[in-house]
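Below: the structure, in structure tokens.
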Amino acid sequence: MIFHIITLFPEMFDSYLNESIVARARKSKKITVKFYNPRDFTKDKHRRIDGSPYGGGPGMVMQAEPILRAVQKARGKKKRVKTYLLSPNGKEFTNKVARSLISSYTDIILIAGRYEGVDARVKKILRAEEISVGPYVLTGGELPAMVIIDAVARQIKGVLHAAESVEEERVASAETYTRPETVTFKGKKYKVPKVLLSGNHKKIEEWRKERRSR
Ligand code: SAM
922 MIFHIITLFP
932 EMFDSYLNES
942 IVARARKSKK
952 ITVKFYNPRD
962 FTKDKHRRID
972 GSPYGGGPGM
982 VMQAEPILRA
992 VQKARGKKKR
1002 VKTYLLSPNG
1012 KEFTNKVARS
1022 LISSYTDIIL
1032 IAGRYEGVDA
1042 RVKKILRAEE
1052 ISVGPYVLTG
1062 GELPAMVIID
1072 AVARQIKGVL
1082 HAAESVEEER
1092 VASAETYTRP
1102 ETVTFKGKKY
1112 KVPKVLLSGN
1122 HKKIEEWRKE
1132 RRSR
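Taking the numbering used here, the leading residue of the sequence shown gets 922, the next gets one more, and so forth.
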């Protein structure tokens, strides 16, 4: 899977994408992440990429043209490309969406907005779908893009090792505990649920199923 990130702040991705499972997925070429800075696609001599909103209002809006050129470059002649505009008003991103992307596309373009967002014509011209990582407003689309890269990568076969895959099933579904058996905090004792110490795997699985969140 190739991710193409349209962002004014590509450096923001450095530390996250260079650690842990995502870094391993990049190293083994299960995923590739490419960056396109709209400033590199502006024809303005000051490399300006924003303007004040028509009709008035607070803040600035990202201009359409540099983003359109950046996306054109990312798309090239590729056929199975999905283009998303990151937006708090978009469809909710879920593991189900992540899996369907893997089965349908080779490339995902993520447009990270900033300021008051992106000129509305970008969505229309590119037939981009708006996608949200949650019902809250963040300062920019960079964190949402990293969330999507991480969640999609975890669903790609071979990215998680066998033990981690099992863990994925369980962590998504249950409370987890580790040593010590009893944690004492401010004079109170907090014990591991007895069923987890029972050695009865059938009962443990049943207990975990009950706590499954999705
Ligand atoms: N008033 C704008 C709106 O409702 O879209 C808020 C823009 S927000 C400050 C700047 C950018 O952050 C957005 O254009 C979007 O790309 C990104 N963003 C913020 N919250 C997001 C969320 N929950 N999911 C996805 N992207 C988000």
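From the three backbone atoms N, C-alpha and C, an ideal C-beta is built for every residue, glycine too.
Note that the structure is a prediction, hence the values are computed from the model and not measured.
Out of the options, which one is the CA nearest neighbour of residue i?
i	options	result
Lys951	Tyr957, Asn958, Val943	Val943
Leu1006	Val1080, Thr1097, Trp1128, Ile1052	Ile1052
Glu1013	Pro1065, Lys1044, Met922, Lys964	Pro1065
Val992	Met922, Thr928, Val1116, Met1067	Thr928
Asn1010	Glu940, Ile970, Ile1023, Gly1062	Gly1062
Tyr975	Gln984, Ala1033, His1122	Gln984
Ile1023	Trp1128, Gly997, Arg1133, Ile923	Ile923
Glu1037	Thr1060, Val1054, Lys1045	Thr1060
Met933	Phe956, Lys948, Ser973, Ala1083	Phe956
Ile1030	Glu1050, Asp1040, Ser1021	Glu1050
Lys966	Lys948, His1122, Arg1075, Pro987	Pro987
Tyr937	Met1067, Thr1099, Ala1095	Met1067
Quick one: Cα of residue i to Cα of residue j, how far?
i	j	result
His925	Ile1069	12 Å
Asp1028	Pro1056	26 Å
Gly980	Thr1097	44 Å
Ala1033	Arg1042	15 Å
Leu1117	Asp1071	30 Å
Lys1115	Phe1106	19 Å
Lys1109	Thr1015	38 Å
Arg1132	Val1113	15 Å
Ile939	Val1073	The question names Ile, but residue 939 is Asn in the sequence shown. Cα to Cα, Asn939 sits roughly 16 Å from Val1073.
Ser1119	Ile1125	8 Å
Lys964	Gly972	14 Å
Can you pull the DSSP bridge partners for residue i?
i	result
Asp965	Paired residue(s): none; Asp965 is not in a bridge.
Ile926	Phe956, Leu1031
Leu1022	None; Leu1022 has no bridge partner.
Thr1004	Ile1030
Consult DSSP for residue i and reduce its assignment to one of helix, strand or coil.
i	result
Asn939	coil
Phe934	helix
Pro974	coil
Pro1009	strand
Met983	strand
Arg990	helix
Arg1129	helix
Lys998	coil
Lys950	coil
message: Report the start-end ranges of each alpha helix (DSSP H) in the region 1024-1062 that is 4 residues or longer and not cut off at the edges.
response: The region 1024-1062 contains, as complete alpha helix (DSSP H) runs of 4+ residues, the segments 1042-1047 (chain order).
field: 3-residue-minimum beta strand (DSSP E) runs that sit fully inside the region 1070-1124, ordered along the chain
entry: At a cut-off of 3 residues, the continuous stretches assigned as beta strand (DSSP E) that sit fully inside the region 1070-1124 are 1103-1106, 1109-1112.
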